[in-house]
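Engineer:
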Amino acid sequence: MAYDVTFIPGDGTGPELAEATRRVLEATGVEFNWDRREAGIDEYEKHGNPFTDETLASLRRTGVGIKGPTTTPVGSGFRSVNVLLRKELDLYACIRPCKAYDGVRTRFPETDIVIVRENTEDLYVGIEFERGTEDNAALRAKLAELGATVRDDAGISIKPISDFGSERIVRAAFDYAIAQGRRRVTAAHKANIMKFTDGLFLEVARRVAGDYPQIEFEDRIIDNLCNQLVTRPEEYDVIVMPNLYGDIVSDLGAGMIGGLGLAGGANIGTEAAVFEATHGSAPKHAGKNRMNPTALMLSGVYLLDHLEEREAARRMENALASVIRRGEKVTYDLKPTRDDPSAVGTSQFADAVIEEMNA
Ligand code: NAD
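Just so we're aligned: the sequence shown equals residues 23 to 381 in our numbering.
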């Protein structure tokens with residue numbers, strides 16, 4: 023049976039990374055009917071919209087997509103494809119495994135953690151009041167009535183965290199831990215300072231943990247977590263957190279495992295699941311066949327797991343790990359120096375992974 027999967031190459035370096043990933047996914051022997059859909063800045067320049075309803079309809083129909091990165095220009099009124107996708111498809115759980123493969127240069131070779139980031143709430147909801155505006159003044163006046171003084175030259179961003187949003191992300195973390203044979207979930211927060219938002223998140227996390235007695239549960243204050251991740255990463259397993267901390271700790275995790283070229287991920291929601299790398303479109307490298315496709319390929323491994331093609335997923339992951347461990351046919355970022363002449367390109371890296379899978 024062939025799986026219907028929406029294939030979004032993206033822009034910048036996205037199309038070359040997506041093509042390399044598509045070839046490796048097909049080489050596993052699992053069959054796909056790719057529904058190719060465009061999104062990103064090229065689409066915006068052609069049609070005035072970075073993202074069409076057909077792309078959304080395709081994702082709703084197939085329920086699963088793989089996506090190359092897309093550019094979000096700063097200050098152009100251009101809507102972020104990623105924010106739009108998360109909102110439209112309610113992709114509430116962002117799952118980013120960070121495992122240091124042998125052969126990668128990192129100071130944290132024991133790292134094998136999974137970051138579970140809430141994707142829909144927190145300071146990312148976009149409820150903001152620009153300084154000097156009437157709405158800002160009205161909000162500050164209301165706050166003053168309630169006994170809270172805010173300077174009149176302050177901008178204000180609102181941080182909503184709900185019981186509903188916290189419960190479903192914490193459940194996603196525990197369900198993931200069970201499905202992947204993990205032993206512990208840590209909830210990260212700043213409940214000592216933000217008692218009614220992070221405090222609520224922690225209260226819900228403790229409540230949900232009670233339903234999963236087979237998995238250990240603990241919590242950490244976010245600053246302490248960051249310190250401990252770089253001093254004893256081996257003590258951490260699955261870590262669940264609200265949106266902003268999850269965004270920041272994802273890049274910390276990527277750095278710990280050898281760089282953005284190695285960090286894949288999944289956005290899982292009620293209507294669909296979209297698999298994509300943590301990194302962006304790195305536009306200045308576009309078209310050079312230079313970037314590391316591992317992050318998107320690992321996202322492809324998670325896609326196979328999602329489809330319950332577990333044997334193919336392990337074969338693809340093992341082949342990737344072998345190519346990285348040998349360190350010969352790898353991209354520049356995995357070489358001892360960035361100008362190493364023996365570095366291979368994106369598509370040659372894909373060839374090496376396919377060769378390894380067929381060996
Ligand atoms: P970026 O992740 O695109 O690139 C930053 C640097 O990281 C690159 O210059 C490169 O040195 C390194 N890097 C990234 N991907 C790599 C890879 N596959 N192999 C090797 N090295 C890699 O971040 P940026 O420059 O801040 O963002 C560029 C654009 O991407 C922005 O428009 C941003 O909004 C967008 N973005 C998109 C996504 C997404 O589509 N999911 C995520 C993050 C950023």
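We treat Cβ as the ideally placed atom computed from N, Cα and C, and that holds for glycine.
#1: Name the two residues that bound the continuous alpha helix (DSSP H) containing Phe371.
#2: Output the distance between the C-alpha atoms of Met263 and Arg332, rounded to the nearest integer angstrom.
#3: Confirm the yes/no value for this check: CB of Ala304, any heavy atom of ligand 1, distance under 7 Å.
#4: Just to confirm, is the Cβ distance from Gly87 to Gly36 under 8 Å?
#5: Pick out whichever of Val260, Arg229, Ser321 has its Cα sitting closest to the Cα of Phe186.
#6: Rounding to the nearest angstrom, what Cα-Cα distance links Glu76 and Met379 in this structure?
#7: Report yes if the C-beta of Ala227 is less than 7 Å from at least one heavy atom of ligand 1; otherwise report no.
#8: At what residues does the alpha helix (DSSP H) containing Gly268 begin and finish?
#9: Please tell me whether Ala343 and Tyr25 are closer than 8 Å, where the distance is taken between their beta carbons.
#10: Apart from the five residues just before and just after Arg153, which ones in its own chain have a Cβ nearer than 7 Å to its Cβ?
#11: May I ask whether a heavy atom of ligand 1 can be found less than 7 Å away from the beta carbon of Lys216?
#12: Which of helix, strand or coil does DSSP assign to His301?
#13: Could you pull out every residue in the same chain whose Cβ sits closer than 6 Å to the Cβ of Thr171, ignoring the five residues on either side in sequence?
#14: Kindly examine ligand 1 and report whether one of its heavy atoms sits closer than 7 Å to the Cβ of Ala372.
#15: If you reduce the DSSP assignment to three classes, tell me which class Arg139 lands in.
#16: When DSSP labels each residue in this structure, what does Phe100 get in the three-state scheme?
#17: Would Gly223 and Pro315 be called neighbours here (beta carbons separated by less than 8 Å)?
Structural biologist: On the basis of the coordinates in this document:
#1: Segment 368-380, the alpha helix (DSSP H) holding Phe371.
#2: Their backbone Cα atoms lie some 27 Å apart in a straight line.
#3: Within the cutoff, so yes.
#4: Taking 8 Å as the Cβ cut-off, Gly87 and Gly36 do not qualify as a contacting pair.
#5: Nearest option by C-alpha distance: Arg229.
#6: For Glu76 and Met379, the distance between alpha carbons rounds to 35 Å.
#7: No, the beta carbon of Ala227 sits no closer than 7 Å to any heavy atom of ligand 1.
#8: For Gly268, the uninterrupted alpha helix (DSSP H) segment begins and ends at 265-278.
#9: The answer is no: Cβ separation not under 8 Å.
#10: Annotation for Arg153: Asp175, Ala176, Gly177 place their beta carbon closer than 7 Å to its own, counting only its chain and skipping 5 residues before and after.
#11: First, the amino acid is wrong: residue 216 is Met here, not Lys. No, the Cβ of Met216 stays beyond 7 Å of every heavy atom of ligand 1.
#12: Three-state DSSP puts His301 in coil, outside helix and strand.
#13: Within its own chain, no residue has a Cβ closer than 6 Å to the Cβ of Thr171 once the five positions on either side in sequence are excluded.
#14: Within 7 Å of the C-beta of Ala372 there is not a single heavy atom belonging to ligand 1.
#15: In the structure shown, the three-state DSSP call for Arg139 is strand.
#16: Three-state result, Phe100: coil.
#17: Reading off the sequence shown, one finds Phe at residue 223, where the question assumed Gly. No, the Cβ-Cβ distance between Phe223 and Pro315 is not below 8 Å.
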